[in-house]
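Structure, as structure tokens:
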Amino acid sequence: MRSYLRVPCTLLSTKNRSSQTEFAFRRSSDVCSYNAQRSASYVTHIESRVSGATLRGRRPGFVVAIRLGSPVFYSTKFEPILGLPVSVVGEDDPKDAIEEDDPDYDGRFGLLPRDSDYNGLGKRLVESPLKTIRAEFENHKLVTVVTHSLILETVVIYSIKCHVHVTGKPVFANCNGRTEEEAARKAALLIVQKMHTRGTLQTLNRLRESGSLELVMSTDLLATMRSALPDLMRAGQTPVERRRWFLPKTLARGPSETAGMQKQLSDQQRQVADLPINTMKDQILDMIQNSTYSIIVAEAGAGKSSQLPQMLLDHAIAGSAADCKIFCVQPYRIGASSLARRVANERGEELGQSIEYKIQIDDHLGEFGVPITYCTAGALLRQLQLAPSLLDSVSYIILDEVHERTIDLDLTMLFLRRIIDERRVMKAHTPKVVIMSATPDIDRVASYFGEESRRGHVVPVPHLYIPSPNHSAKKQYLDDLLPSLQTMYPESISSPYLQEHKTRTYLGRHYFQSKKKRMVRNLNPAKSNLTSLEDDHFVPIGLVCLTISYILSTTDEGAILVFLPGLPHITEVHRTLRQYGKGLGIDFGDSEKIEILRLYSNLPDSYDDIFSESRPGCRRIILATDIVETSVTLPGVKYVIDTGKTNHRVYDPKARFSRPLCQWVSQSNLARRAGWAERVQDGGYFALYPRSLQPLFHANPPSGISHDGLQNACLIAKKADPSTHVEAIMEQLIEPPGKARVNEAIHNLQYLRAMNLRDHPTVLGDILSEIPLDPCHGKLVLLGVIFRCLDPLLILAALGGDLALFHTSRGIGRRTASRDWRIEYSENSWSDHISAINAFKSLRKVWYQQGTPETLARAFGRSINYDRFREVLDAAQETHRILVRTGIIPQHFYTDDAQFRFGGPEMNVNSHHIPLIKALILQSTYPNLAAPVRNDDSVYRTRRHNKSFPHGFGVNSITPPRCILTYNKDYTERFIADRVILGNTSHLTPLAACLFGGRLRGTSNTLCMDEWLEFSIRLSEGSEEDSEQAAKKLIEFRKALDRATVAAFKALTIPYENVNQNSPPPKSNVIRDFILDTVSKSVVDVLDRDDEKFPPAHAQPDH
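Numbering-wise (UniProt numbering), the sequence shown opens with residue 1 and increments by one.
Here it is in structure tokens:
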């Protein structure tokens, strides 16, 4: 509906009617429109604005009329050359009303506050605007108001400047009237209107109602800041040469070296001659040589990963090629390293002669480069970033297992395609790219790499399918397996396993359970629905153990491969077999007869036993994740137990971290798993899921880009192409993520200060993109190195954002006991994070000193999840290895330390300093801050919620001291819609928040963080003027700390050189140690003098 406002021409002409005063105007907006068919006294409502027609003479060229309620407000879109926009207010006329049901009308524009707005303050702001602004905001030191009036013969011009401390920006208004009172009211209403429409009034009202947090600084604290400032500034200005960790090696091989290369045959090479891929050698080579891109589809066991690189190398040698360089890209590092060792063994060579591997921060490279390099997608991507000319010497790039669709693999495909297109335009050498997959569904990949024909159609990439002559394995589903188990084992033996909690829950979702007999019998078709099982995270541990025992008892030879979702399930099955296996008639602790091995993604590279042949007379049980589905060869596997589950990493946007989520696998996963049993005769496949459930599985697994976090991907993409916006790069992926997810990732990186406001990686972002760690937790670990408190922050990073170390039972009694242990482990720190760190450290000490049984007993007695502890320990050890390999920390064996700390004594000088650790936690959880509400210390306000509460079973569930809390995530309670819960909280002092929180603004002694959290600085012994100087010194110290921290991140790129005690340290170590020691010592000295660092103690729980 279109409507108009009638503009009183007499009032408009008042503006310039003075004979003595003339104003020169300039245009400030071109949004107005003119309708020549209408009078100049009518205006048209367009796009939430009311635009006016041109006026004659010296009147302003355009007039904008905005309905404020009462009265109607008219403001020009012209500015005086000297001064501010002049506005006129006329009497409200009912005929001049804007229809609020107009589709173009938006109530946010041009409305004065309603009477009920801002808890009743809106009415006073309209009735007496200037008086209310002064009384409610200026008296609370939220704004500063400056007024000025200019009295002319027939008009009075009144100016108001309202400086808003929280934003650091002023709001201006210039209005005229017949009297000073009239002009002042118009200007004040304009100020109110501007602050209302911009949301400034909402921010000011929240600060007014909640009040400011008082930060009391002692004279000792102020003196410490002043003395530390010069050192901090010097550290921040220390020149540090940025170094790279991933320097490409010279890959070209000279003609003489190639001619002298001798191929050594071994027994293993003769055994693989009959693999399916070798029977189609001529077709494969012909397709690859005649196309830039080609696709090979081969099922597991066809030999594509191990034989194709050798096939291409042998073809080049036979053709007297001057040099041949082949990259074989694997999705996971364990696949790259194991394949390199296997192929070198097949060729009768030592690793490093003609076969090498490179897996991001770890590698086994030849001295002068070798022709075949097995590497991860991330390693190749970083090589291409550092040396785009690398492709000058590369003959073939093989992208293996593309069906896995990891984020690094998707990015590698994107940039590889772009680089090859650029080289084609320049008519430079382009390598042949071979894409290999075990999944026949390759249409998306074929189109992605396809070339456009002259008619504009995409010509798909040529592909070749290699069949695998697998044997037919006997498949048993849960429907068939349970009767066999019932026949094999009496109820007295099988009942403890089938009635185990997870097994009972799992089976109860799919089967009826007889009331008379406890053994499961019939399928329940009503519950065999994949849709209802999307969140089914239960894995039947007891059923897995019983099935393993059944296979061992009914067969004589062959290894058993068990597919489990993740490391916690592997650990639980391993422990259950060793502890309770004798009840099934098998001693799983007898290493001469039973060998239990584990295989997962973070397995140490030195763990080679799993890839070797088993000892004669010894049955092997391999507990593995889905990592086995990709380019891994395990000798002797004959039987497969498949739980049908896998762990997908799913990003939690509220907690800003990825966590493993147990889900059902796809049908293509099932086929690859069954393929292990089909490689040999008389193999067996035991599916621990109902037969009717398999058709409901998805055809293919989701890609990593669709459900995992995008922070690392955004950093890598921006570093590879700095001139293109991140969103534009991500849109070119084979499966582009949504724009909202990309923007969210960018915002999170900016919160971490890994990316600046122009979307370019910072120094921290450069480092995080080069180490295989989640950015949020990677920053925690780097801060632990800088501030010499590595052990606690490394543990916290390995724990992840959920801190799921304690049991979370539904029973109120057990949950209360768990909370009591959390409180005890917190040691009066009022921190869930410190509690989890201390609980982990206590178990770690027992585990190293007394072994597994005692650790299990300690964990059970203190409500700690032992399996989760083992998972965190393995993750922390892997992160520690990464830090050592990259030279971030010196080599140290944590078992040499009496406290078993990661990094040893040198990296843990400040690990006992709880205020420092809690302050550094804020660097990874920011902007998740909560402040207590005035007059109610149990209720907290956050940036998004006015009322929130700490989790009921956390350390801060008992009313904490009046303080700031940082938290990992917030969520709405399940049964109370408007009750917001803060998960995993930690107490922070105002000083710690100011040093490590968001951006600070303010004037005098009032500081505001992120436009919502206000601090009132008060010097304990001094005047108000002294308090203002203390606030300035605090901001100065914060700026120096930020600059010094950036320098410290740069210093971490200098690899730490291990030297003998008697040798002088190298200059690089001296520079690095100076910067890190200065930063850590300055902050520790300041926090030590914070009078609020010791909160009151908890009441001790009874156990």
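Glycine included, each C-beta is placed from N, C-alpha and C at the ideal position.
Since the model is a prediction, treat every value here as computed from it, not as a measurement.
Between the CA atoms of residue j and residue i - distance to the nearest angstrom
i, j, result
"residue 861", "residue 676", "41 Å"
"residue 1088", "residue 817", "34 Å"
"residue 90", "residue 127", "Confidence at residue 90 is low in this model, with a pLDDT of 30, below 50, so its placement is unreliable and the value that follows should be read with caution. Cα-Cα distance, rounded: 16 Å."
"residue 999", "residue 657", "23 Å"
"residue 616", "residue 574", "22 Å"
"residue 236", "residue 915", "23 Å"
"residue 801", "residue 926", "13 Å"
"residue 120", "residue 192", "15 Å"
"residue 667", "residue 647", "15 Å"
"residue 990", "residue 1040", "18 Å"
"residue 828", "residue 855", "25 Å"
"residue 447", "residue 481", "43 Å"
"residue 679", "residue 437", "18 Å"
"residue 441", "residue 699", "9 Å"
"residue 319", "residue 383", "28 Å"
"residue 130", "residue 161", "11 Å"
"residue 1031", "residue 1018", "8 Å"
"residue 1104", "residue 784", "There is simply no residue 1104 to check, as the chain begins at 1 and stops at 1103 in what is shown."
"residue 994", "residue 823", "27 Å"
"residue 691", "residue 557", "27 Å"
CA nearest to the CA of residue i, picked from the options
i, options, result
"residue 553", "539, 375, 639, 599", "639"
"residue 671", "689, 629, 997", "629"
"residue 204", "168, 234, 222, 181", "168"
"residue 1110", "949, 480, 1042", "Here the chain has residues from 1 to 1103 only, and residue 1110 is not among them."
"residue 857", "214, 118, 843, 495", "843"
"residue 708", "661, 567, 747", "661"
"residue 601", "231, 333, 115, 287", "333"
Close Cβ partners of residue i (< 6 Å) along its chain, the five nearest in sequence each way excluded
i, result
"residue 969", "654, 655, 983"
"residue 624", "599"
"residue 979", "973"
"residue 610", "597, 599"
"residue 749", "711, 755"
"residue 211", "934"
"residue 869", "843"
"residue 316", "324"
Contact under 8 Å by Cβ, residue i with residue j
i, j, result
"residue 910", "residue 1084", "yes"
"residue 340", "residue 350", "no"
"residue 376", "residue 408", "yes"
"residue 773", "residue 763", "no"
"residue 401", "residue 703", "no"
"residue 765", "residue 771", "no"
"residue 398", "residue 329", "yes"
"residue 917", "residue 903", "no"
"residue 967", "residue 930", "yes"
"residue 584", "residue 493", "yes"
"residue 165", "residue 1001", "yes"
Same chain only: Cβ atoms within 8 Å of residue i, ignoring 5 sequence neighbours per side
i, result
"residue 476", "484, 684, 685, 686, 687"
"residue 303", "272, 275, 276, 277, 278"
"residue 544", "562, 564, 573, 641, 643, 688"
Cβ neighbours of residue i in the same chain (closer than 7 Å, five flanking residues each side left out)
i, result
"residue 453", "459"
"residue 1091", "216, 218"
"residue 733", "410, 414, 705"
"residue 741", "710"
"residue 592", "618"
"residue 358", "365, 373, 375, 379"
Alpha helix (DSSP H) runs contained entirely in the stretch 895-946, provided each spans 4 or more residues: 914-925
Complete beta strand (DSSP E) runs within the stretch 299-378 (minimum length 3 residues, chain order): 326-330, 355-359, 362-364, 372-376
Residue ranges of each alpha helix (DSSP H) within the stretch 449-518, 4 or longer: 478-488, 491-498, 501-508
Within the stretch 109-194, ranges of the beta strand (DSSP E) (whole runs, at least 3 residues): 143-151, 156-164, 169-177
Inside the stretch 643-721 only - beta strand (DSSP E) runs reaching at least 3 residues: 645-652, 657-664, 684-687
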